[in-house]
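Below you'll find the structure, written out as structure tokens, and then a few comments.
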Amino acid sequence: MTENRSSLTRFAWISIGASLLTLTLKSGAYLLTNSVGFLSDAVESLVNLAAGVMALAMLTVAARPADEDHAYGHSKAEYFSSAVEGILILVAAGGIIVAAVQRFLDPQPLEQLGIGLVVSAVASLVNFAAARVLFAAGKRAHSITLEADAHHLMTDVWTSVGVIAGVGVVAVTHWQPLDPIIAILVGLNIIRTAYQLLRRSVAGLMDASLPEAELKVIETVMSRYRERGVAFHALRTRQAAARRFVSVHMLAPGAWTLHDAHHIAEDFEGDVRRELADTIVQTHLEPVDDEISMRDVHDR
Numbered sequence: 008m009t010e011n012r013s014s015l016t017r018f019a020w021i022s023i024g025a026s027l028l029t030l031t032l033k034s035g036a037y038l039l040t041n042s043v044g045f046l047s048d049a050v051e052s053l054v055n056l057a058a059g060v061m062a063l064a065m066l067t068v069a070a071r072p073a074d075e076d077h078a079y080g081h082s083k084a085e086y087f088s089s090a091v092e093g094i095l096i097l098v099a100a101g102g103i104i105v106a107a108v109q110r111f112l113d114p115q116p117l118e119q120l121g122i123g124l125v126v127s128a129v130a131s132l133v134n135f136a137a138a139r140v141l142f143a144a145g146k147r148a149h150s151i152t153l154e155a156d157a158h159h160l161m162t163d164v165w166t167s168v169g170v171i172a173g174v175g176v177v178a179v180t181h182w183q184p185l186d187p188i189i190a191i192l193v194g195l196n197i198i199r200t201a202y203q204l205l206r207r208s209v210a211g212l213m214d215a216s217l218p219e220a221e222l223k224v225i226e227t228v229m230s231r232y233r234e235r236g237v238a239f240h241a242l243r244t245r246q247a248a249a250r251r252f253v254s255v256h257m258l259a260p261g262a263w264t265l266h267d268a269h270h271i272a273e274d275f276e277g278d279v280r281r282e283l284a285d286t287i288v289q290t291h292l293e294p295v296d297d298e299i300s301m302r303d304v305h306d307r
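Going by the working numbering, the first residue of the sequence shown is number 8, and it counts up by one from there.
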């Protein structure tokens, strides 16, 4: 059983708290050092903060129960959150690259790099701890919002590692152009993360089918029931955040009673739900010996 959706908002608060703390630390590192690499790191934390606030809002909406206007609930609100986060990341990446190019064309000396490196390292540890918590909760609850937030924080961690390493090299070699080059690489990495988030969000909003591994689980269950004399066609699946939807036509032998066919269908639906948590399964019973039974709605 997955976690209650309303309880997930506490993880969004963890993300917000971590982003506020790291934004403060990284901004301090930038002000101390004048490093555009540290500036890019701070901008990414600002995006994480905005994303955390959006995640909190969307998780609150997604936790609402089904009502007359939303019979299937509000879980798709999480896809809006991850899409907005992806767009915010793209904007941040653009800003970082512009600032880095300007610094590359007009190099400036860096200061107090030792203190700046220590402050940035502390910020990275904060992000790493928060990301691990969000990853675990997102996987457990099948929450794309928490997973997106965790990806942001982990991207921030790897960004910081790269920035710290690069600025450390600058401190030793005094080769100033390396600082904006690092910032440009950070921006490109952020763009890659944004693309992945947007692609997944669009797939959810467009009712893409379940992943191949989960379709194989459904097929395994259906194969057991084929051995009992039934057939299947017109399988359709989709996912809305944590909730899965499966519909399929079940063809039963014409000699079966409605009572028997109904019980087989109930057993099948129960088996799918046991294999895939939080799944709504709908079966449409048809007689296998009726030629129109194999017609799909798309064939009509």
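Glycine is no exception: its CB is placed at the ideal position from the N, C-alpha and C atoms. Predicted model only: the values in this text are computed from it and were never measured.
Check	Outcome
On the three-state DSSP scale, how would you describe His-305?	Low local confidence applies: a pLDDT of 49 at His-305 is under 50, so the model's placement there is unreliable, with the coordinate-based value given in what follows. Helix, per DSSP.
Count the other C-beta atoms from every protein chain shown that fall within 10 angstroms of the C-beta of Val-177, then say buried if there are 16 or more, exposed otherwise.	buried
Can you give me the start and stop residues for the beta strand (DSSP E) that Ser-254 sits inside?	250-259
How is Leu-192 classed by DSSP in three states: helix, strand or coil?	helix
Are the Cβ atoms of Leu-153 and Leu-63 separated by less than 8 Å?	no
For my contact list, Phe-45 and Ala-36 are in at a C-beta cut-off of 8 Å; report their separation, rounded to the angstrom.	4 Å
Using only the alpha-carbon positions, how far apart do His-291 and Val-255 sit?	6 Å
Helix or strand or just coil, what does DSSP make of His-375?	Residue 375 is absent from the structure shown; the chain starts at 8 and stops at 307.
My output table needs one value for Val-288: the three-state DSSP class, helix, strand or coil.	strand
Suppose contacts are defined by Cβ-Cβ distances below 8 Å. Is Leu-217 in contact with Ala-90 by that definition?	no
Please classify Lys-223 as buried or exposed, where buried requires at least 16 neighbouring CB atoms within 10 angstroms.	exposed
I need the straight-line Cα distance from Leu-38 to Leu-53, nearest angstrom please.	15 Å
Grab me the residues of Phe-5's own chain with a C-beta within less than 6 Å of its C-beta, minus the 5 sequence neighbours each way, in chain order.	Nothing can be reported for residue 5, as the shown portion of the chain is limited to 8 through 307.
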